[in-house]
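Using the working numbering, you'd call the opening residue of the sequence shown number 1 and step up by one each time.
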Amino acid sequence: MVDLLVGTGVALLALLALGTLTQAGLKAYRDDNARHEAVQSLRAGLERVGRDVRTARSAAVRDGGTTLILTDRLGTEIKYYLAGTDLIRQRGDQPRVLASGLQSATFEYDFRTGLVFADVVSLVPSGQPYRAYSKTLRRGPGGSL
Numbered sequence: 001m002v003d004l005l006v007g008t009g010v011a012l013l014a015l016l017a018l019g020t021l022t023q024a025g026l027k028a029y030r031d032d033n034a035r036h037e038a039v040q041s042l043r044a045g046l047e048r049v050g051r052d053v054r055t056a057r058s059a060a061v062r063d064g065g066t067t068l069i070l071t072d073r074l075g076t077e078i079k080y081y082l083a084g085t086d087l088i089r090q091r092g093d094q095p096r097v098l099a100s101g102l103q104s105a106t107f108e109y110d111f112r113t114g115l116v117f118a119d120v121v122s123l124v125p126s127g128q129p130y131r132a133y134s135k136t137l138r139r140g141p142g143g144s145l
């Protein structure tokens, strides 16, 4: 009888350890999947910024680097900025969310080279920040801002 109780106890401990490991693995999978989706969304958003930079007539960085302002070939102002945790593209008076779940987004503009630098820090579902994307956006061949 004692052997049966000891065997059952050992089996329960093994099942409990297996359950804990499975839970930890699932959490890591969900966090990694959420991080991947956030980076993909952010990549698509920054590709949009890059297209606008390549076709812009002028560029400026305001608000300590948190707002990028471009003027397109038609003279329309396009702003990129962080509102809460959303990266916003605003053309005229129409704001559109490009990516969500961000902690910070900063832009730099090098007047000499015409390069725009974007550095974005995102949050994983656990709330921990990580550098999601750092990108240099450049003008097309022969273009200058």
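Using N, Cα and C, we set each Cβ at its ideal position, and we do this for glycine too.
Could you tell me the boundaries of the beta strand (DSSP E) in which residue i lies?
i, result
"THR8", "Not the beta strand (DSSP E): THR8 falls in the alpha helix (DSSP H), residues 2-55."
"THR71", "67-71"
"ARG112", "Here ARG112 belongs to no beta strand (DSSP E), and DSSP marks it neither H nor E."
I'd like to know whether the C-beta atoms of residue i and residue j end up nearer to each other than 8 angstroms.
i, j, result
"TYR81", "THR71", "no"
"SER41", "ALA99", "yes"
"ALA44", "TYR109", "no"
"ARG91", "THR76", "yes"
"PHE107", "VAL97", "no"
"ALA118", "LEU46", "yes"
Can you name, in chain order, every residue of its own chain whose Cβ lies under 6 angstroms from the Cβ of residue i, other than the five neighbours on each side?
i, result
"ALA38", "GLY101 and SER122"
"PRO95", "ILE88"
Helix or strand or just coil, what does DSSP make of residue i?
i, result
"PRO141", "Note that PRO141 scores 43 on pLDDT, short of 50, meaning its location in the model is unreliable and no value can be drawn from it."
"ASP119", "strand"
Within a Cβ cutoff of 8 angstroms, which residues of the same chain sit near residue i, ignoring the five residues on either side of it in sequence?
i, result
"ILE78", "ASP52, ALA56, ILE69, LEU70, THR71, ASP72, ARG89, GLN90 and ARG91"
Whose C-beta lies closer than 7 angstroms to the C-beta of residue i among residues of the same chain, with five residues either side of it excluded?
i, result
"GLY9", "none"
Start-end ranges of the beta strand (DSSP E) lying completely within the stretch 75-106, minimum 3 residues: 77-83, 86-91 and 94-99
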